[in-house]
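> For the protein sequence lines, the chains are A and B, in the order given. Numbering-wise, my numbering comes out as the position in the first sequence, counting from 1, plus 1060. Numbering-wise, my numbering comes out as the position in the second sequence, counting from 1, plus 1060. One structure follows; several queries about it will come next.
Protein chains: 2
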Amino acid sequence: MTETTPALPDYLHLTEQHRELLDQVLDKWSLHVLAALCEEEPLRFNELRRAIPVVTQKSLTAALRRLERNGMVERCVTSTRPVAVEYRITPLGQSLQDLIDALLRWTTSTLPAVERARAHFDHA
Amino acid sequence: MTETTPALPDYLHLTEQHRELLDQVLDKWSLHVLAALCEEEPLRFNELRRAIPVVTQKSLTAALRRLERNGMVERCVTSTRPVAVEYRITPLGQSLQDLIDALLRWTTSTLPAVERARAHFDHA
DNA sequence: CCGGATCCTCATGGATACTG
DNA sequence: CAGTATCCATGAGGATCCGG
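Quick look at the structure:
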């Protein structure tokens, strides 16, 4: 009954499903969208566009669709003329937001050490 | 002195530096490398290759170089014939490992809800 | 105002072959 | 064994035009 390589509980096993979700939700523009919606909510499409530096509609639309599909943001259409579309964070998206906070805290605290490592590496 | 949009402490501001570091360190193969080195250490190049499903040398080499440059893994060359190269996690890499654990815990716990959201979205 | 549809390019990743 | 070099396919992302 002695296992040779237990080491890791199951939830730490990196499966394709885990990677796929992280990829869909932690990509470049998604991070910006979440950050923007965290500061102010709700935001309309063009407000988001202005809030995020140099994003194209295509990329922004794609990011919003991905986030919506994965249940991270909510898309509310008001059928006026012209239509108004508002984006909000869902509870699921809020839990992701907390994770991103942790990531940013980590980058902030380790960036100095990382830059030293880079300088040392690039020197050689 | 009342700020209109404080909301976020500075370390939660998503700068290009933060995004760059996360991109270099949380990419597909880096996650696998860290996971592999976490289970067993040290590992040689071809051992890593065998441990990681279907990675090519090119991708593995690139991932290892990036991780080494950012101070996450250590590369030790033993000048025998033929040469032996061993890879280890650094303390900095260990802190990253802890973060990845948190990410995987999050994906594990939210995956059911995410899949419901996907099903609902795809239904329409 | 909020996108969808197209076309294009350009970086990334895979496959293969070769080397110290 | 541990890579480097090369060629090539693929896909993300930008630019532009159009439609509800």
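Each residue gets a CB set at the ideal place from its N, CA and C atoms; glycine is no exception.
Applying the criterion that 16 or more other CB atoms from any shown protein chain within 10 Å of the CB defines a buried residue, is His1183 (chain A) buried or exposed?
Looking at its Cβ environment, which holds fewer than 16 other Cβ atoms inside 10 Å, His1183 (chain A) is exposed.
> Answer with yes or no whether the minimum CB distance from Asn1130 (chain A) to chain B is below 8 angstroms.
It does: the Cβ of Asn1130 (chain A) has a partner Cβ on chain B nearer than 8 angstroms.
> How about His1092 (chain B): is its C-beta nearer than 8 angstroms to some C-beta of chain A?
Yes, its Cβ sits closer than 8 angstroms to a Cβ of chain A.
> Rounded to the nearest angstrom, what separates Arg1129 (chain B) and Phe1181 (chain A) at their Cα positions?
So the two alpha carbons sit approximately 6 angstroms from each other.
> Could I get the ranges of all uninterrupted alpha helix (DSSP H) runs contained in the region 1102-1175 of chain A, with 4 residues as the minimum, in chain order?
If we require 4 residues or more, the alpha helix (DSSP H) runs fully inside the region 1102-1175 of chain A come out as 1105-1111 and 1117-1129.
> The region 1152-1181 of chain B: which residues have C-beta closer than 7 angstroms to a C-beta of chain A, in chain order?
Those would be Leu1152, Ser1155, Leu1159, Asp1161, Ala1162, Leu1163, Leu1164, Arg1165, Trp1166, Thr1167, Thr1168, Thr1170, Leu1171, Ala1173, Val1174, Ala1177, Arg1178 and Phe1181, in chain order.
> If we count Cβ pairs, one from each stretch, closer than 8 angstroms, do we get three or more for the region 1135-1148 of chain A versus the region 1100-1114 of chain A?
The region 1135-1148 of chain A vs the region 1100-1114 of chain A: in contact.
> With 16 other CB atoms within 10 Å as the buried threshold, where does Ala1095 (chain A) fall?
With 16 or more other Cβ atoms within 10 Å, it is buried.
> Between Ala1122 (chain B) and chain A, is there a C-beta pair that is closer than 8 angstroms?
Not one chain A Cβ lies under 8 angstroms of Ala1122 (chain B).
> Have a look at Arg1141 (chain B) and Val1093 (chain B) and give me their C-alpha separation to the nearest angstrom.
Answer to the nearest angstrom: the Cα atoms are 26 angstroms apart.
> What first and last residue would you give for the alpha helix (DSSP H) that runs through Asp1087 (chain A)?
From DSSP, Asp1087 (chain A) is part of no alpha helix (DSSP H); its letter is neither H nor E.
> Under a CB-based cut-off of 8 angstroms, is Gln1077 (chain B) close to chain A?
Yes, Gln1077 (chain B) lies at the interface with chain A (some Cβ there is under 8 angstroms from its Cβ).
> Using the three-state DSSP reduction, which class does Ala1184 (chain B) fall into: helix, strand or coil?
Ala1184 (chain B): coil per DSSP, three-state reduction.
> Just to make sure I have the definition right: I need the residues of chain B whose C-beta is within less than 7 angstroms of the C-beta of Ala1095 (chain A). Which are they?
Correct list: Leu1074.
> Rank A:Leu1124, A:Arg1176 and A:Leu1091 by C-alpha distance to the C-alpha of Leu1163 (chain A) and give the top, closest one.
Comparing Cα-Cα distances from Leu1163 (chain A) to each of A:Leu1124, A:Arg1176 and A:Leu1091, the minimum goes to A:Leu1091.
> So, does the CB of Leu1103 (chain A) fall closer than 8 angstroms to a CB anywhere in chain B?
No, its Cβ sits nowhere closer than 8 angstroms to a Cβ of chain B.
> Compare the C-beta of Leu1082 (chain A) with all C-beta atoms of chain B and state if any pair is closer than 8 angstroms.
By this cut-off, Leu1082 (chain A) is an interface position.
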